[in-house]
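**Q** The structure's right below; bear with me while I get my questions together.
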Amino acid sequence: MVGVDGSDAAWQALRWAAAETGLRGAPLLLVHAGDVGGGGRGVLSRARTLVRALAPGTETRVALRPGPPERVLVDAAAGEALLVTGGRGLGSTPRSALGSVSAAVVECARCPVVVVRGPAPDTGPVVVGVDGTPASDSAVAMAFAEAALRGAPLVAVHTFSDVAFTDLWTVLPLDVDRLAVEGVERQLLADRLSGARQAHPDVEVRLLVRRDRPVRALLAEAAGARLVVVGSRGAHTGAGMGLGSTSRTLTRLCDCPVAVVHPSDPLASGPRSRSAGAARTCPADPVQHRLIP
Numbered sequence: 004m005v006g007v008d009g010s011d012a013a014w015q016a017l018r019w020a021a022a023e024t025g026l027r028g029a030p031l032l033l034v035h036a037g038d039v040g041g042g043g044r045g046v047l048s049r050a051r052t053l054v055r056a057l058a059p060g061t062e063t064r065v066a067l068r069p070g071p072p073e074r075v076l077v078d079a080a081a082g083e084a085l086l087v088t089g090g091r092g093l094g095s096t097p098r099s100a101l102g103s104v105s106a107a108v109v110e111c112a113r114c115p116v117v118v119v120r121g122p123a124p125d126t127g128p129v130v131v132g133v134d135g136t137p138a139s140d141s142a143v144a145m146a147f148a149e150a151a152l153r154g155a156p157l158v159a160v161h162t163f164s165d166v167a168f169t170d171l172w173t174v175l176p177l178d179v180d181r182l183a184v185e186g187v188e189r190q191l192l193a194d195r196l197s198g199a200r201q202a203h204p205d206v207e208v209r210l211l212v213r214r215d216r217p218v219r220a221l222l223a224e225a226a227g228a229r230l231v232v233v234g235s236r237g238a239h240t241g242a243g244m245g246l247g248s249t250s251r252t253l254t255r256l257c258d259c260p261v262a263v264v265h266p267s268d269p270l271a272s273g274p275r276s277r278s279a280g281a282a283r284t285c286p287a288d289p290v291q292h293r294l295i296p
């Protein structure tokens with residue numbers, strides 16, 4: 004599924020989504036929110052024409068619904084395998100690196116969300132961030148599947164810090180063998196990937212362990228990647244914070260498409276919301292969509 008609003012970012016997202024349908028052999032749902040008059044119908048008509056040109060034979064449906072775009076897109080994505088959105092839509096300010104609608108959709112959608120910020124490369128590896136959390140495990144599963152689908156290599160990135168995770172104010176002593184620590188972290192990373200590697204034995208995998216911040220390490224590997232996959236709640240995210248800082252930053256700064264995956268356990272299957280003091284909550288009530296043949 005892809006959201007289209009007539010913006011340049013939405014057309015980029017649509018091109019990526021159309022290419023994906025060719026890889027997957029799957030139908031594509033085009034959703035427009037807000038303008039249910041001639042303007043909205045015109046956007047959907049142009050979108051359908053573009054999909055037919057880029058991916059002939061693709062089964063395409065379109066849906067038109069009034070209401071806040073983030074709510075419409077989140078509800079429409081229920082039951083979909085993937086939601087694709089542009090990095091910044093018509094309602095975003097020029098200073099906004101990631102549009103408010105895109106940010107809300109990434110946080111609240113119940114399926115993986117891919118944010119497309121520009122022309123997507125068709126070469127390079129799939130990069131995945133691994134930190135051992137349930138969200139990270141879901142990201143690993145998706146990353147291996149995407150790499151296998153594309154015949155692409157996979158780079159698994161894991162970072163660690165001098166700061167002991169059991170005590171945020173305790174720094175590892177100077178006499179600690181950091182190479183030994185890196186070796187332990189590398190083995191933990193390999194163990195974390197073992198199940199996915201068995202499921203996708205043909206995927207070429209490179210392990211990358213760095214003493215660095217997750218965002219910096221992932222941004223470095225994202226240069227030249229065709230897709231970055233991350234979980235939405237990492238080890239450095241508070242329990243009530245919703246979208247993690249790493250995934251939020253990557254969707255704002257990565258030039259390549261970024262897929263954000265939420266944990267697949269039952270506790271994560273319901274609508275997600277920010278902490279009590281946040282200004283926005285995820286939509287909870289479903290809306291009905293008007294399908295146009």
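Numbers 4 to 296, taken from the working numbering, label the letters of the sequence shown in order. For glycine and all other residues, C-beta sits at the position ideal for the given N, C-alpha and C. Computed from a prediction, not measured in an experiment: that's the story for all the values here.
Bridge partners for Gly132 per DSSP, in chain order?
**A** Val160
**Q** If you drop the 5 nearest sequence neighbours on each side, which residues of the same chain put their C-beta closer than 6 Å to that of Val264?
**A** Pro115, Ser141, Ala142, Met145 and Gly234
**Q** To the nearest angstrom, how far is the alpha carbon of Gly186 from that of Pro217?
**A** 18 Å
**Q** Please classify Gly89: is it buried, with 16 or more other beta-carbons within 10 angstroms of its beta-carbon, or exposed?
**A** Buried: at least 16 other Cβ atoms inside 10 Å.
**Q** Could you give the DSSP three-state label for Gly154: helix, strand or coil?
**A** In the three-state scheme derived from DSSP, where H, G and I count as helix and E and B as strand, Gly154 is classed as coil.
**Q** Should Arg214 go down as buried or exposed, given a rule of 16 or more other Cβ atoms within 10 Å for buried?
**A** exposed
**Q** Is Ala193 near Leu210, with beta carbons less than 8 Å apart?
**A** yes
**Q** Compare the beta carbon distance of Val75 and Val34 with 8 Å and say whether it is the shorter of the two.
**A** With contacts defined as CB atoms closer than 8 Å, Val75 and Val34 qualify as a contacting pair.
**Q** Is Val129 near Ala36, with beta carbons less than 8 Å apart?
**A** no
**Q** Roughly how many whole angstroms lie between the Cα atoms of Asp8 and Val46?
**A** 7 Å
**Q** Sort out for me which residues DSSP pairs Leu86 with in a bridge.
**A** Val116
**Q** When burial is assigned at 16 or more other CB atoms within 10 Å of the CB, is Pro260 buried or exposed?
**A** Counting Cβ neighbours within 10 Å, Pro260 comes out buried, since at least 16 surround it.
**Q** For His35, which residues does DSSP report across the bridge?
**A** Leu67
**Q** Can you tell me whether DSSP reads Val77 as helix, strand or coil?
**A** helix
**Q** Specify, as a first and last residue, the run of the alpha helix (DSSP H) that Gly234 falls within.
**A** For Gly234, there is no enclosing alpha helix (DSSP H); the residue is part of the beta strand (DSSP E) that begins and ends at Leu230 to Gly234.
**Q** Could you check the C-alpha separation between Ala183 and Gly135 for me, to the nearest Å?
**A** 19 Å
**Q** According to DSSP, simplified to helix, strand and coil, what is Ala226?
**A** coil
**Q** Who are the near neighbours of Ala50 in its chain, counting only those whose CB is closer than 6 Å to its CB and skipping five residues on each side?
**A** These residues qualify, in order along the chain: Val7, Leu17 and Leu33.
**Q** If I follow the unbroken beta strand (DSSP E) through Val208, where does it start and stop?
**A** Val208 to Arg214
**Q** Hey, would you say Val158 sits closer than 8 Å to Glu224, going by beta carbons?
**A** yes
**Q** Kindly indicate the opening and closing residues of the alpha helix (DSSP H) around Ala12.
**A** Asp11 to Arg27
**Q** What do you get for Ala56, buried or exposed, if any count of 16 or more other CB atoms within 10 angstroms of its CB means buried?
**A** exposed
**Q** Note down, in chain order, each residue of its chain lying with its Cβ closer than 6 Å to the Cβ of Met307, except the 5 sequence neighbours on either side.
**A** The requested residue 307 does not occur in the structure, where the chain is confined to residues 4 to 296.
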